[in-house]
Every structure is written in C-alpha cells, then in structure tokens.
Amino acid sequence: MARVALLYFASLRDAAGCEREEVETAAADLAALYAEVAARHGLRWPRERLRVAMDGSFAAWSDPPREGSEVVFIPPVSGG
Amino acid sequence: MARVALLYFASLRDAAGCEREEVETAAADLAALYAEVAARHGLRWPRERLRVAMDGSFAAWSDPPREGSEVVFIPPVSGG
Amino acid sequence: MGDPSTPLARFELADAPFDIAPLREGLLRDEAGAYASFEGWIRNHNDGRPVGGLYYEAYAALALEEGRRIVEEAVARFAVAGVHCVHRVGELPVGGLAVWVGASAAHRDAAFDACRYVIDQVKARVPIWKHERYTDGPPQWLHPDGPGSPPQPS
Amino acid sequence: MGDPSTPLARFELADAPFDIAPLREGLLRDEAGAYASFEGWIRNHNDGRPVGGLYYEAYAALALEEGRRIVEEAVARFAVAGVHCVHRVGELPVGGLAVWVGASAAHRDAAFDACRYVIDQVKARVPIWKHERYTDGPPQWLHPDGPGSPPQPS
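Protein chains in written order, with UniProt numbering: chain A, 1 to 80; chain B, 1 to 80; chain C, 1 to 154; chain D, 1 to 154.
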C-alpha cells in the first residue's frame, strides 16, 4: 500500500469535486491508480487522453505510485 | 531623342561620381540607355544584375525612355 | 549585453499583467541581428462563440519544469542568442496578453524558428488550461483534442 | 480597435529612431488572437568583420511603392488583421533598430507567415542599400548576390 496525494485541475477538478485528496492505494502502477480514482469519482476521461505526473515531473503509466508522492492526472492542455 | 534625368544610388553613385544628371539619349530602350551610361562612366555592373525604374516604378529593360522621365538603375539591394 | 557563449533560456508564469519592453531589452545582444516575438491575446470569439474573458489555470510546478525544458530545447536546436517565454495565469479580459515569446539570434531564420518552436510546444505540452466565459452561455474548460486522440467524452 | 473587414497594410521609411510600442498598439484588434513581430538590429560583426556602424540609403519614392506593394501582398495572401513595416534610413549605430515588422491575425500561422513574408520580400526587393563601416578597414556598400546572379564585379 502507498499513501499518495492526488491533485486535480481544470475539468478533472470539477468532475472529482475536490482539488486535492489523500488516498491509500494498492494499485501496482499509475494506470491502475487512475482506474481506481476514475471509478470512485465517475471520471469519464479515457486514460489514453491523459498524461500523468508524479512529484512535479511527467511519469509513465507503468510507474508504481511512490509512497508520499503527489500524483496528477493531466487532461489535454489549452494554454497559449 | 529623349531628355531624361538619371539618379544614382549606393555603389553606382560612387562609380558615376554624381547622384543626378540630365542626359539626351537616342537609346531605343532602357537597356541601350544603360549601355551608353555604363560606357561613359565606366560602370562595371553587368545589366543582368541590375533592375531599372522609371518615374518611381520598376520598368522593363525593353521600355523606351520617356521624355522628361527619371530613370534609376538599381543595384542589388541590402536593406533589412 | 550578456555573454554570447551562454544563450538565455527562460520560462516564467505571471499571475498579473506584465510589460514586454524589459523582456525584449533582456534579449538585445550586440552580436544578434534578429529578434522575433510572438504574443497571444484573448480574442473576442472562439469557435464562433462570443468570449467575455477567461481564466488560465496552471499546474505550476510542472508547467515551470516543462516550460524550462522547451526553451532549453529551442536553444539547443536553433542558433539563438536567447529565448524567453512568459505565460499568464489567472483572470484575463478580452484583449489581454496571454503569452509572450521572444527570441534573438544572429540571423532571422533561427529567431523565427525558435519563436515558433516555443509557442507550438508550449501550447502542446505545458499544463495550463483555459476556462473560457461566453456572453451567450455557461463557461467551459477547453481540452483540445491532440493528434489521434479519441473524441472528448460528453 | 479598427474595422475587421479592412486589414491594415502600411509600409514606412523612418529617418530617425522610432518607438515600436505605438506601432504594436496600432495592430491590436479584439478579434485578433496572435501577433508576430520581427526586428532587425545592427550587429557588431558581418561576414566575420567587426562593424562600427552603418548608413542606409533608400531610393525613397520606389522604396515606398515597393514596400506598400509587399504589405498589400501579405494582406492578400494571409488571413491577417494587419501588417506594418518600418525601415530606417540614415546613420545607425551597432545595436540600432534597422527594420521592424508586425503582423496581427486571428491565428498564429497567419501572423508568423505574414511577418516572415514581409521581411523576406523587403530584403529582396525594396531599394535600400547598406553602407557598412568596419573597425578594421574602409567602408563598403553591400550588394548581395541574388539567386543565380553572376559574381559581383571587382
């Protein structure tokens, strides 16, 4: 089990109903973590359209969640 | 015969030794006028590297010199 | 006037309006003959809808890291003297300045290419999201489709 | 804010230093989301030679006509809100601003393309000549070879 903080931005925050939460997870990787979170909050973004970051850097979906880390699912960006 | 004013710019002015002169010419076209002028002033620019303007607009070498016009031989430009 | 051997590469987020003049000054170099800049302004319409203003939200830690990576890539790819980008976050009115990119170089190809590279990459990669307000209906978050991505879930 | 249906197309010669800020302001449009600019500065070297300054000479009547034609071509080719170019004539020091181009448009492709088109065409077509002074020898007029032109006579 790892304890991680999840941050939500933009429409993901609206859908999750919060901007930050701490969770205990048994997910083997960030892909499984997203599946858990998406099911719990009813998030409708398919993972293929998101990127994921851990502790302020982009990460791979196959990375395991690190204990104490900050994980962010990144919806398509629209800056500029 | 046509009476025209010739203006010289940049290295052509240095070579001609003046910035403006009035000439009477029997040249049938601006190409022949350049040949006259180049011979008189010892200009070493081949006509192929120049453009020619008459009365403030680019002209064709085959245009006849217009009476009272202002003719300019334009060496390669270097603005910008 | 800066050291010609160490090109400037800077990316910043700004939470308030900023002046371009000093940023441009910071790119002036005696050895640089060319400067190209890009500015993104808030338009009064988008996809045919009347826009009343918007809000830019950033995941700041990652935006700064990814932005820095982009300007460093530009410096590595193009023969520039400097590249600088500032992106606004927070509330912006129509006509407001959303993003500025400046690039200086010995020659204009590198200045244009670096400037274009930075704005294209910033728009594609930096985690900043636009929350657009319309004068004819409710606001929305913009999440443009990337190349080859499936349609956005309704 | 200007009429969206009539893009600005302006070319000018300036015989003294000029401010860019009001020129940029003149291109702002509520319907335009993108602005690209180019500036040409006098470098401290050219072809490996140390430059101390220079003089730009123009055949003004024709330069203004050809410049106007170029900005009108840019407006016709690209979906811009405005294009403006100002070229210096007279004495310029190292670091001096030689030419400025600004273009505004709804989208960045058009702004970049118009800006690039104008500076490329101005350099190729407008009758302005550079008389460059060196710190290591006598000054000279610059008459670059065009594509396919024979070598310059000695």
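C-beta: ideal position from N, C-alpha, C; glycine also.
- Comparing alpha carbon positions, the residue from D:V94, D:D47, D:N46, D:A81 closest to R24 (chain D) is D:A81.
- Residue pairing by DSSP puts H131 (chain C) in a beta bridge opposite C:Y55, C:W141.
- Rounded to whole angstroms, the gap between the alpha carbons of Q140 (chain C) and R133 (chain C) is 7 Å.
- For F112 (chain D), the uninterrupted alpha helix (DSSP H) segment begins and ends at 108-125.
- Under the three-pair Cβ rule at 8 Å, the stretch 94-109 of chain D counts as touching the stretch 27-42 of chain D.
- Between the alpha carbons of R51 (chain B) and Q121 (chain D) lies a gap of roughly 15 Å.
- Straight across, the Cα-Cα distance linking R125 (chain D) with V77 (chain B) is about 7 Å.
- Interface flag for G33 (chain D) against chain C is set, since a Cβ pair is found closer than 8 Å.
- Pairing A38 (chain B) with D14 (chain B), the inter-Cα distance amounts to about 13 Å.
- Taking all protein chains shown into account, F18 (chain D) has fewer than 16 neighbouring C-beta atoms within 10 Å of its C-beta and is therefore exposed.
- Taking C115 (chain C) as reference, the option from C:P138, C:W100, C:A106, C:V89 with the minimal CA-CA separation is C:W100.
- Under the DSSP assignment, I20 (chain D) falls outside any beta strand (DSSP E); it carries neither an H nor an E label.
- Between the alpha carbons of G56 (chain B) and E65 (chain D) lies a distance of about 8 Å.
- The beta carbon of S37 (chain D) is closer than 6 Å to those of G102 in its chain, skipping five residues each way along the sequence.
- At the C-beta level, A10 (chain B) and R20 (chain B) stay beyond 8 Å of one another.
- Measuring C-alpha to C-alpha distances from R108 (chain D) to each of D:A79, D:V86, D:P144 identifies D:A79 as the nearest.
- Interface annotation, A16 (chain B): not in contact with chain D, CB-CB separation never under 8 Å.
- Taking 8 Å as the threshold, the shortest C-beta distance from F78 (chain D) to chain C does not fall below it.
- For Y117 (chain C), no Cβ of chain A is located within less than 8 Å of the residue's own Cβ.
- Scanning A:R3, A:P64, A:L7, A:E36 for the CA closest to the CA of A60 (chain C) turns up A:L7.
- Boundaries around I74 (chain A) are those of the beta strand (DSSP E), 70-74, since no alpha helix (DSSP H) includes it.
- Distance check between E57 (chain D) and each of D:R88, D:A32, D:A34, D:P50 places D:R88 closest, using alpha-carbon atoms only.
- Rounded to whole angstroms, the gap between the alpha carbons of D145 (chain D) and R49 (chain B) is 8 Å.
- In this structure, C:W129 is the residue among C:W129, C:A106, C:E73, C:G26 with its C-alpha nearest to the C-alpha of G79 (chain A).
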